[in-house]
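Asker: Structure provided below as structure tokens; questions to follow.
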């Protein structure tokens, strides 16, 4: 995995696991890779993976069954989707619209470009 410099690695790992939950790779009550497995998979220190799992556990995205590992919480996908939609609508979209306005880009141009990518 290629990590960005503007965000902590453990947060990027947590985001990736959330992406996998949204994509359906892991569903409610599915076991996810162990901390060590995920650390090896992403070529990071195990302590970094522990921090990612602790973050997701605090957010109740995943839960631990002692001796069995970590599992996806019921409703995790919907929780992630809601949080990401809110972030997009309140943070990303205003920035995009501001940039569009500065560059004189219309919604019609955006729709035209979008349609090209869907062909």
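Numbering (full-length UniProt numbering), first residue to last: 1 to 119.
Backbone N, C-alpha and C fix where the C-beta goes; we use that ideal spot for every residue, glycine too.
Looking at the structure shown, is residue 72 part of a helix, part of a strand, or coil, going by DSSP?
Answerer: Strand.
Asker: Note down, one range per segment and in chain order, each alpha helix (DSSP H) of at least 4 residues found wholly within the region 25-106.
Answerer: DSSP runs (the alpha helix (DSSP H)) wholly in the region 25-106: 35-42, 46-58, 76-87, 93-103.
Asker: Would you report the Cα separation of residue 34 and residue 65, rounded to the nearest angstrom?
Answerer: Answer to the nearest angstrom: the Cα atoms are 12 Å apart.
Asker: In the DSSP assignment, the alpha helix (DSSP H) including residue 13 goes from what residue to what residue?
Answerer: Note, residue 13: alpha helix (DSSP H), 9-23.
Asker: Given a cut-off of 8 Å on the beta-carbon distance, is the pair residue 32 and residue 3 in contact?
Answerer: Contact: no.
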